[in-house]
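**Student:**
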Amino acid sequence: MAKQESLIKFRGKVGDLSFSKHRNRGYEVRMKGGVDKARILNDPNFQRTRENMSEFGTAAGTAKLLRIQLNNLLRTFADNSLRNRLTSLIHKIQKSDSLNARGERIFLEENSAMLKGFEFNQASSLKMLLGEKLDTAYDRTAGEATLIIPEFNPQKDVMLLPGATHMLFTLAAAELSSEEVPPRPVMEKSGYIPLIGVHAEQTIRVPLVVDPTKVVYIIVGISMYQEVNGEFYPLKNNPYNAMTIVEVDIP
1208 MAKQESLIKF RGKVGDLSFS KHRNRGYEVR MKGGVDKARI LNDPNFQRTR ENMSEFGTAA
1268 GTAKLLRIQL NNLLRTFADN SLRNRLTSLI HKIQKSDSLN ARGERIFLEE NSAMLKGFEF
1328 NQASSLKMLL GEKLDTAYDR TAGEATLIIP EFNPQKDVML LPGATHMLFT LAAAELSSEE
1388 VPPRPVMEKS GYIPLIGVHA EQTIRVPLVV DPTKVVYIIV GISMYQEVNG EFYPLKNNPY
1448 NAMTIVEVDI P
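If you read the sequence shown in our numbering, its first letter stands for residue 1208, the second for the next number, and so on.
1) Would you check if the distance between the CB atom of THR1343 and the CB atom of VAL1453 is smaller than 9 Å?
2) Is it the case that the segment 1383 to 1392 contacts the segment 1368 to 1375, given that we only count it when at least three CB pairs across the two stretches are under 8 Å?
3) How big is the Cα-Cα spacing for ALA1320 and ILE1457?
4) Using beta-carbon positions only, say whether THR1451 and ILE1411 come within less than 9 Å of one another.
5) Can you round the beta-carbon distance between VAL1413 and GLU1438 to whole angstroms, since I take them to be within the 8 Å contact cut?
6) Note down the Cα distance separating GLY1310 from HIS1298, rounded to an integer number of angstroms.
7) Counting pairs of beta carbons, one from the segment 1299 to 1318 and one from the segment 1327 to 1342, are three or more of them closer than 8 Å?
8) Using the Cβ count rule (16 or more neighbours within 10 Å means buried), how would you classify ALA1270?
9) Put MET1374 into one of helix, strand or coil per three-state DSSP.
10) In whole angstroms, what is the alpha-carbon distance linking PHE1327 and GLY1428?
11) Looking only at C-alpha atoms, which of ILE1425, LEU1375, ASN1448 sits nearest to LEU1402?
12) The alpha helix (DSSP H) with SER1305 in it runs from where to where?
13) Measure from the alpha carbon of TYR1424 to the alpha carbon of each residue in PHE1359, ARG1292, PHE1325, GLU1262, then state which is nearest.
14) Keeping to the same chain, check which residues put their C-beta closer than 8 Å to that of LEU1293; ignore five residues upstream and five downstream.
15) Any idea what DSSP makes of MET1450, helix, strand or coil?
16) Excluding sequence positions up to five away, which residues of its chain have a Cβ less than 6 Å from the Cβ of PRO1357?
17) Residue range of the beta strand (DSSP E) that HIS1258 falls in?
18) For ILE1300, which residues from the same chain have a beta carbon less than 6 Å from its beta carbon, with the 5 sequence-adjacent residues on both sides left out?
19) Go to LYS1340, then tell me how far its alpha helix (DSSP H) extends in each direction, as first and last residue.
20) In the DSSP output, which residue or residues are listed as bridge partners for ALA1407?
21) Helix, strand or coil, according to DSSP, for LEU1289 in the structure here?
22) What does the Cβ neighbour count give for LEU1367, buried or exposed, with the cut at 16 atoms within 10 Å?
23) Considering only the alpha carbon of each residue, which of SER1261, GLY1268, ARG1257 lies closest to SER1459?
24) Would you say TYR1440 and ALA1330 are within 9 Å of each other, going by their C-beta atoms?
25) Name the one or two DSSP bridge partners that ARG1412 has.
26) Go ahead and label ALA1245 buried or exposed: buried means 16 or more other beta carbons lie within 10 angstroms of its beta carbon, across all protein chains shown.
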């Protein structure tokens, strides 16, 4: 691929040349190329390509439903790469579908355990922010999700961010849904915990009674704040709020 060496820098197309800027490689220029769209859609040689396109489109739709469902949480916790990473994971889960033919494979709830461990912010994690184990569980009979925050000392156990005075835990539980407007998760928060002193063990609970045939997934988040005159403000330019799918309960 050709690279521009001169001081002239621009983006767009000029004739058969396409100019762009890569994050690491700088300004680049490409010749127009690729395969005609009509050929991809009709040529037997592109059967596998069409199958991959179909499944990826389905994965993108499923990932979008999850993002819609968790929209209120994503504002606090998601990074800029979430959309692509979540779609990629859903696509991977679709490939575990052993019932449908290639090109028609879908996200099956019995394979949803692969969602466990997904980080909504790849620059951070619960373990990174808090060096203590967080125990979570979902009691399907009682219809209740729980988070046990162990006793901890923020000065020893927490990654202290410049300007942060308090931290907050969020517990959320949601029913995995394919509805066009999926049900919102049920959430509960710990309250603002000062980043000084030793804090006693605390249990957070959220009620979630669902159809016994539905998959339930549990999310835990940790966010950092600064207290000013009794008001709590999210840290500016903070890339380290963490949120993780910690449990997937499959009936």
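Yeah, the Cβ is synthetic: ideal placement off N, Cα and C, and Gly gets one too.
**Tutor:** Reading it off the structure:
1) yes
2) no
3) 8 Å
4) no
5) Actually they are not in contact, since the Cβ atoms of VAL1413 and GLU1438 sit about 26 Å apart, beyond 8 Å.
6) 12 Å
7) no
8) buried
9) strand
10) 9 Å
11) LEU1375
12) Per DSSP, SER1305 belongs to no alpha helix (DSSP H) and is neither H nor E.
13) PHE1325
14) ALA1270, LEU1273, ARG1274, PHE1325
15) strand
16) GLU1339, GLU1408
17) At residue 1258 the sequence reads Glu, which differs from the His that was named. Note, GLU1258: premise wrong, no beta strand (DSSP E); alpha helix (DSSP H) at 1254 to 1276.
18) PHE1314, ASN1318, MET1321
19) Premise fails: LYS1340 is in no alpha helix (DSSP H) and is neither H nor E.
20) DSSP output for ALA1407 lists no bridge partner at all.
21) helix
22) exposed
23) The question about residue 1459 has no answer, for the chain in this structure spans 1208 to 1458.
24) no
25) THR1353
26) exposed
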